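Notes follow the structure.
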Amino acid sequence: MGEPEDVSGFVGAARALATGAAEAAGVAVGEVHELDQLEELTRVIDAIWHRPGDPVAVDLLRALDHSGNCILAGWAAGRMVGASVAFRGLHEGRPCLHSHITGVLPEFQLRGAGHALKLHQRAWALAAGIEEITWTFDPLVARNAHFNLTKLGADADEYLVDFYGPLRDEVNRDDATDRLLAAWRLTGRRATRALSGRLRIPVIDALRESGDPVVLDIDAGGRPALAGPGPAAEPARTGPDRALLRIPGDISTLRSGDAELAGAWRLALRQAMTSLFARGLRPLAALTPGWYVFGPEGSDWPA
């Protein structure tokens with residue numbers, strides 16, 4: 313393991329980027345320390361996930377804050393509309409900040425508030441001398457995959473099968489909690505290019521025309537179609553060094569309307585992604601509407 317990079321030179325630029333994102337989104341982002349604010353933060357989290365019981369206990373938040381972890385909130389016109397809870401940890405033997413929960417109220421989604429929270433989290437980590445933020449996300453949620461991999465420039469280091477066990481909330485609806493582990497290398501080329509708008513984004517039509525194999529697609533009935541001779545076929549564990557996967561554009565609506573079909577998508581995506589990870593391929597991009605581009609670990613898209 314090499315020596316940690318001196319990240320002090322990135323802090324000022326990271327803070328300026330975070331401030332600009334908050335202003336563009338019409339929110340103010342800051343740390344939360346007081347008990348009444350921590351209680352409000354738990355209510356915001358509950359309004360986002362609607363999970364039975366306390367989503368995050370106030371006493372735990374108090375302990376996390378007091379022990380030097382990162383608890384952020386976003387406000388619009390004096391109202392708390394977003395929340396982020398992250399704690400210090402290790403990833404591959406290196407110090408990291410692990411982001412356990414980050415979200416904004418439904419009416420403030422797609423306005424840039426979540427982006428502002430993540431950029432403030434990045435600035436906080438860099439100021440603390442931390443070079444990496446990790447978190448988990450559901451690979452079936454196309455919008456989040458695009459945000460994490462393409463907009464932020466995070467890597468997906470690991471596929472985790474049913475990581476949390478059943479989560480009985482309105483977001484997960486008892487679906488298996490398979491997750492991708494995102495690793496945001498804050499001063500790395502991929503992240504800095506993404507945040508400056510210089511990350512090359514592949515065009516899905518061009519990739520398909522070039523012959524990149526589609527290992528998971530959507531059939532005419534909306535069901536998952538794995539590459540191979542039949543519906544249960546498994547993608548080969550050897551083959552081309554790039555692959556494409558397609559998922560539904562809105563798994564949340566599908567879960568509420570057809571739980572069986574949503575479950576079929578979970579199993580098909582698990583089969584496809586674990587096979588690709590076993591070959592040393594990783595998600596390089598998530599493209600709208602619902603495409604993943606896989607390639608060799610550590611690579612960028614082809615020139």
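With the numbering used here, the residue at position 101 of the sequence shown is 413, and numbering never jumps. Even glycine gets a Cβ: it sits at the ideal position worked out from N, Cα and C. Just so we're clear, the structure is a prediction, and the values are computed from it rather than from any experiment.
Check: Proximity to A488 [Cα-Cα], best of W496, D474, G500; Outcome: D474
Check: Distance between D469 and N381 (C-alpha atoms, nearest Å); Outcome: 23 Å
Check: Assigned exposure category for V515 - 16 Cβ within 10 Å defines buried; Outcome: exposed
Check: Any 3 or more C-beta pairs closer than 8 Å across the region 448–457 and the region 516–523; Outcome: no
Check: Identified DSSP bridge partners for Y471; Outcome: L492
Check: A395 in three-state terms, based on DSSP; Outcome: strand
Check: Nearest candidate by alpha-carbon position, reference L431, set G342, V527, V526; Outcome: G342
Check: Collapsed DSSP secondary structure at H412 in the structure displayed; Outcome: strand
Check: Residues near P608 by beta carbon distance below 7 Å, same chain, minus five either side; Outcome: D553, G592, L593
Check: As assigned by DSSP and simplified to three states, the class of D529; Outcome: strand
Check: C-beta contact flag for L384 and L350 at 7 Å; Outcome: no
Check: Rounded Cβ spacing between A395 and V356 (contact assumed at less than 8 Å); Outcome: 5 Å
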